[in-house]
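Following this note's numbering, the numbering of the sequence shown begins with 11 at its first residue and continues without gaps. Glycine residues also receive a C-beta, built at the ideal position from the N, C-alpha and C atoms. Read through the structure below, which is laid out as structure tokens, and then see the notes.
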Amino acid sequence: GAAQTLYVDTALNTAARWLVLLEAPASALQDFNPTSGDAGKLLDNMLRAANLHMAGAVLLAPLVRAGTGGDLPSALKTLLGSAKADVVLVMGRLAAQALLQSTCKVKKL
11 GAAQTLYVDT
21 ALNTAARWLV
31 LLEAPASALQ
41 DFNPTSGDAG
51 KLLDNMLRAA
61 NLHMAGAVLL
71 APLVRAGTGG
81 DLPSALKTLL
91 GSAKADVVLV
101 MGRLAAQALL
111 QSTCKVKKL
């Protein structure tokens, strides 16, 4: 999915840039709103608890298992290059496996 910028109004120019890779349901490919519903409120609370609302920039990109044919490693490489993030936060098994190009279980990653 397309990366979205969070916390634009409170971002600090001198703080670190973050990229949050988030495992998301297939429905997230259309009209993805990371802060909607109960799950969105929980995500927002977790990111705020980590003070990311005061970061230099926070880009959130949903990773979705969408059948066959996608070139996820290439898309991730492009995203990582364009995000110019200082820190990457990986949330979920799919996101971790995609970033590390591994099929190991999360426990082993």
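Host alpha helix (DSSP H) of residue i (start-end)
{"i": "residue 107", "result": "103 to 110"}
Enclosing beta strand (DSSP E) for residue i [first to last residue]
{"i": "residue 22", "result": "Residue 22 -> no beta strand (DSSP E), and no H or E assigned at all."}
{"i": "residue 15", "result": "14 to 16"}
Per-residue burial, residue i [other beta carbons within 10 Å of its own, 16 or more giving buried]
{"i": "residue 53", "result": "buried"}
{"i": "residue 72", "result": "buried"}
Problem set entry | Residue ranges of each alpha helix (DSSP H) within the segment 41 to 93, 4 or longer | 47 to 59 and 82 to 93
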